[in-house]
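Engineer: Let me give you the structure first, and then I'll get to my questions.
In the working numbering, the protein residues as written are -12 to 612.
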């Protein structure tokens, strides 16, 4: 055994010496290096006391290959490499081993640790490997077929689920559509009931408070308000009390005149005079006391009647407003449509008219997708307009929408959506405000407490400050009580139809729409009769001052009770160099100073929006009133 090992080592030493003598064969060295790495991975061969025959060794290798397939692959690579190496090494070692016999050579090569394998064993091992590969291939093909069957089944199930999903979507859409139709019909019925109650209310109250009647004024008819019987009766009672009071005043003056004449007539008889004077004084004093008592009673009755008349006047204002809106609703487009109150864009259910302008109507609506109340403003194109006028109106309306859509503030009415209705009309969907506007609020209460007025102005200034601090500064230009709405305790401004957008990094813009707007609330620079008039956000500051003055004093500071035509003809605003404050009601000096700063005639000296918003009077909520 020791001799065989020595022979094996000597064979290995011969191969090593050969490669050391021929260093140029780098490829041979690499092959030997790979062979040694593979040999290191293989389990070391145990030296058995008895050498097995070739058949037994082949059977052991085959059995080990069948038991351990990875070992089979490694053995195949190892045998192939060993065969190439030994073929080359054997040819080179023949000249070095001439003294060795053929038997020793075979023993040396047979017992070498390199692991020489006979060709017969290699063929068997290759057959086993091929058979194993065929089996693996068959298994893979079978698994691939199973995979295809599973994928086919999954595709069928997916298609079935998709069909079921589409069916459910169709059912859901049908159910949703039906629900929307039922809900919309219910909303219309509720609004129709409200409308019927309103009709009964107007019919009942028109006899008590009054109604609009048409009267002819030259060649045209105008609508005038005719008071009802209750207001007429109160006014008649007041007139009756006025007549009685005048009669008592007359009697009082007559008693006074008689007393003076009697004193002058009886100057000669002192005694008689004194006696008659005492009796006359007694009679006249009693009559005076009686007259004073009657006049005090008349005064109390007059005060009660005036309070009653004031209350009736407030009710009359509300009735006149509701009557006018009800009459406008009867003549609006969607009331006369067939069917009444149609659906806009298959989404917005119109319910009733909120207001009406020159070329637009605002409807209370309900969003059937978002399930919220909204306001739909319908813009109409006059069929008599030419194409140029229509394009200008559409361009102006779309510009207003683009500006409004960018504004996101709690004190600005939100713009939700824009929908085209037909070629002559389109709709803008706005946030619905459940309260009234400031104009109706002032008509009802005449004037407001200073604290309440300041809270309203503070929220208006917050919205204007947001607009002036945006990347593109915006001038509202049409700020007035009609465009200030109330909603759940908040104040919101709306109607950006006349707004101006200042260019980037500019504070002024040329006025190109002179003559538009509401004259009572515009500053003097908007009425200058010249070209290239420059305006800024201080236009809105002037409007804020006018609105605050109107809220605390109950009237406008300039042009109160005058028409816009008269204001323009008489140049009222242009000549309003200084604001004049009434004696009553009592308003704090801070409030008057704030109004004065806002209504400064010179635009350069007038406050800007930031100065007005951050002043102590607006930021400090405590007031004297």
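The C-beta atom is built at its ideal place from N, Cα and C for all residues, glycine as well.
(1) Is the Cβ-Cβ distance between residue 604 and residue 448 less than 8 Å?
(2) Quick one: Cα of residue 287 to Cα of residue 578, how far?
(3) At what residues does the alpha helix (DSSP H) containing residue 444 begin and finish?
(4) Among 428, 231, 608, 386, whose alpha-carbon lies nearest the alpha-carbon of residue 282?
(5) According to DSSP, is residue 599 helix, strand or coil?
(6) Any chance the segment 472 to 484 sits against the segment 509 to 518, with 3 or more Cβ pairs inside 8 Å?
(7) Can you grab the Cα-Cα spacing for the pair residue 383 / residue 353, in whole Å?
(8) With a Cβ-Cβ cutoff of 8 Å, do residue 536 and residue 582 count as a contact?
(9) Does DSSP put residue 471 in a helix, in a strand, or in coil?
(10) With DSSP as the reference, label residue 315 as helix, strand or coil.
(11) Buried or exposed for residue 397, please, with buried defined as at least 16 other CB atoms from any protein chain shown within 10 angstroms of its CB.
(12) How is the beta strand (DSSP E) around residue 580 delimited, first residue to last?
(13) For residue 366, name the three-state secondary structure that DSSP assigns.
(14) Does the contact criterion of 3 or more C-beta pairs under 8 Å hold for the segment 351 to 369 versus the segment 441 to 455?
(15) Report the option in 419, 137, 528 whose CA atom is closest to the CA atom of residue 590.
(16) Determine the DSSP secondary structure at residue 371, reduced to helix, strand or coil.
(17) Less than 8 Å between the C-beta atoms of residue 361 and residue 416, yes or no?
(18) Assuming residue 168 contacts residue 338 (C-beta within less than 8 Å), just tell me the rounded distance between them.
(19) Look up residue 337 in the DSSP assignment and give the residues it is bridged to.
(20) So does the segment 431 to 439 actually touch the segment 373 to 387, counting three or more Cβ pairs closer than 8 Å?
(21) State the CB to CB distance for the pair residue 215 and residue 195, rounded to an integer number of angstroms; the pair is presumed to be in contact (CB under 8 Å).
(22) At the level of alpha carbons, what is the spacing between residue 405 and residue 571?
(23) Within a Cβ cutoff of 7 Å, which residues of the same chain sit near residue 239, ignoring the five residues on either side of it in sequence?
(24) Would you be able to state if there are at least three C-beta pairs under 8 Å between the segment 530 to 550 and the segment 453 to 461?
(25) Could you tell me the alpha carbon to alpha carbon distance between residue 118 and residue 153, rounded to whole angstroms?
(26) With distance defined between alpha-carbon atoms, name the residue in 332, 313, 433, 359 nearest to residue 298.
(27) Relative to the ligand ATP, is the shortest distance from any of its heavy atoms to the C-beta of residue 283 smaller than 7 Å?
(28) Taking 8 Å as the cut-off, decide whether the C-beta atoms of residue 464 and residue 526 are in contact.
(29) On the three-state DSSP scale, how would you describe residue 488?
(30) What's the gap between the Cα of residue 160 and the Cα of residue 174?
(31) Can you tell me whether residue 10 is buried or exposed, with buried defined as 16 or more other CB within 10 angstroms of its CB?
(32) My output table needs one value for residue 196: the three-state DSSP class, helix, strand or coil.
(33) If you measure between the beta carbons of residue 341 and residue 350, is that distance less than 8 Å?
(34) Quick check on DSSP: helix, strand or coil for residue 188?
(35) May I ask which residues mark the beginning and end of the beta strand (DSSP E) holding residue 563?
(36) Look at the Cβ atom of residue 427, then the Cβ atom of residue 308, and state whether they are nearer than 8 Å.
Structural biologist: So, from the data block:
(1) Taking the first residue of the chain shown as position 1, residue 604 is located at position 617. Taking the first residue of the chain shown as position 1, residue 448 is located at position 461. For residue 604 and residue 448, no; Cβs fall outside 8 Å.
(2) What you label residue 287 is simply residue 300 of the chain shown in a count that begins at 1. What you label residue 578 is simply residue 591 of the chain shown in a count that begins at 1. If I take the Cα positions, the gap works out to 36 Å.
(3) Counted from its first residue, the chain shown places residue 444 at position 457. Residue range 437 to 455 is occupied by the alpha helix (DSSP H) that includes residue 444.
(4) Locating residue 282 in the chain shown gives position 295, where the first residue counts as 1. The shortest Cα separation from residue 282 among 428, 231, 608, 386 belongs to 231.
(5) Along the chain shown, read from residue 1 onward, the residue named residue 599 stands at position 612. Residue state, collapsed to three classes: helix.
(6) Under the 8 Å Cβ criterion, the segment 472 to 484 does not count as touching the segment 509 to 518, having fewer than three qualifying pairs.
(7) Here the question's residue 383 lines up with position 396 in the chain shown. Here the question's residue 353 lines up with position 366 in the chain shown. Roughly 27 Å between the two C-alpha positions.
(8) On the chain shown, position 549 is the one that residue 536 refers to. On the chain shown, position 595 is the one that residue 582 refers to. Cβ atoms of residue 536 and residue 582: closer than 8 Å.
(9) As a first step, residue 471 must be located in the chain shown, where it is residue number 484. Three-state result, residue 471: strand.
(10) By one-based count along the chain shown, residue 315 stands at place 328. In the structure shown, residue 315 sits in a helix (DSSP, three-state: H, G or I).
(11) As a working mapping, residue 397 is identified with position 410 in the chain shown. Label assigned to residue 397: exposed.
(12) Sequence index remark: in the chain shown, residue 580 carries index 593 (1-based). Where residue 580 is concerned, there is no enclosing beta strand (DSSP E), although the alpha helix (DSSP H) it sits in stretches over 576 to 585.
(13) As a working note, residue 366 is residue 379 in the chain shown. Here residue 366 carries a strand assignment [DSSP, helix/strand/coil].
(14) Touching, no.
(15) Counting from one through the chain shown, the residue named residue 590 turns up at place 603. Ranking the options by Cα distance to residue 590, first place goes to 528.
(16) As a first step, residue 371 is located in the chain shown; it is residue number 384 there, counting from the start. Coil, per DSSP.
(17) Residue mapping note: residue 361 aligns to position 374 of the chain shown, counting from 1. Residue mapping note: residue 416 aligns to position 429 of the chain shown, counting from 1. Yes; because the gap between Cβ atoms is below 8 Å, this pair is in contact.
(18) In the chain shown, residue 168 corresponds to position 181, counting from 1. In the chain shown, residue 338 corresponds to position 351, counting from 1. Actually they do not touch by this definition, with Cβ atoms about 15 Å apart.
(19) The count along the chain shown starts at 1 and reaches residue 337 at position 350. Answer is 352, bridged to residue 337.
(20) No contact exists between the segment 431 to 439 and the segment 373 to 387.
(21) Here residue 215 corresponds to residue number 228 of the chain shown, with the count starting at 1. Here residue 195 corresponds to residue number 208 of the chain shown, with the count starting at 1. Confirmed, Cβ separation roughly 5 Å.
(22) The residue labelled residue 405 in the question sits at position 418 within the chain shown. The residue labelled residue 571 in the question sits at position 584 within the chain shown. The straight-line gap from Cα to Cα measures roughly 48 Å.
(23) Stepping through the chain shown from its first residue, residue 239 is reached at position 252. Here the set comprises 275, 278.
(24) When C-beta atoms of the segment 453 to 461 are compared with those of the segment 530 to 550, fewer than three pairs fall below 8 Å, so the two segments do not count as touching.
(25) For the purposes of this step, residue 118 is taken as the residue at position 131 of the chain shown. For the purposes of this step, residue 153 is taken as the residue at position 166 of the chain shown. Cα to Cα, residue 118 sits roughly 52 Å from residue 153.
(26) Translated into positions along the chain shown, residue 298 becomes position 311. Here the closest residue by C-alpha is 433.
(27) Looking at this structure, you won't find the ligand ATP or any other ligand, since it has none at all.
(28) The residue labelled residue 464 in the question sits at position 477 within the chain shown. The residue labelled residue 526 in the question sits at position 539 within the chain shown. Contact flag set, yes.
(29) Translated into positions along the chain shown, residue 488 becomes position 501. In this structure, DSSP gives residue 488 an extended state, which the three-state scheme calls strand.
(30) The residue given as residue 160 occupies position 173 in the chain shown. The residue given as residue 174 occupies position 187 in the chain shown. Looking at the backbone, the Cα of residue 160 and that of residue 174 are separated by about 20 Å.
(31) Translated into positions along the chain shown, residue 10 becomes position 23. Since pLDDT at residue 10 reaches only 48, below the 50 mark, its modelled position is unreliable, and the value read off the structure follows with that caveat. Flag for residue 10 reads exposed.
(32) Residue mapping note: residue 196 aligns to position 209 of the chain shown, counting from 1. In the three-state scheme derived from DSSP, where H, G and I count as helix and E and B as strand, residue 196 is classed as coil.
(33) Walking along the chain shown from the start, residue 341 turns up at place 354. Walking along the chain shown from the start, residue 350 turns up at place 363. A contact, by the Cβ cut-off of 8 Å.
(34) To locate residue 188, count along the chain shown from 1; it is residue 201. In the structure shown, the three-state DSSP call for residue 188 is helix.
(35) Within the chain shown, residue 563 is the residue found at index 576, counting from 1. Per DSSP, residue 563 is not a residue of any beta strand (DSSP E), being assigned neither H nor E.
(36) In the chain shown, counting from the first residue as 1, residue 427 sits at position 440. In the chain shown, counting from the first residue as 1, residue 308 sits at position 321. The answer is yes: Cβ separation under 8 Å.
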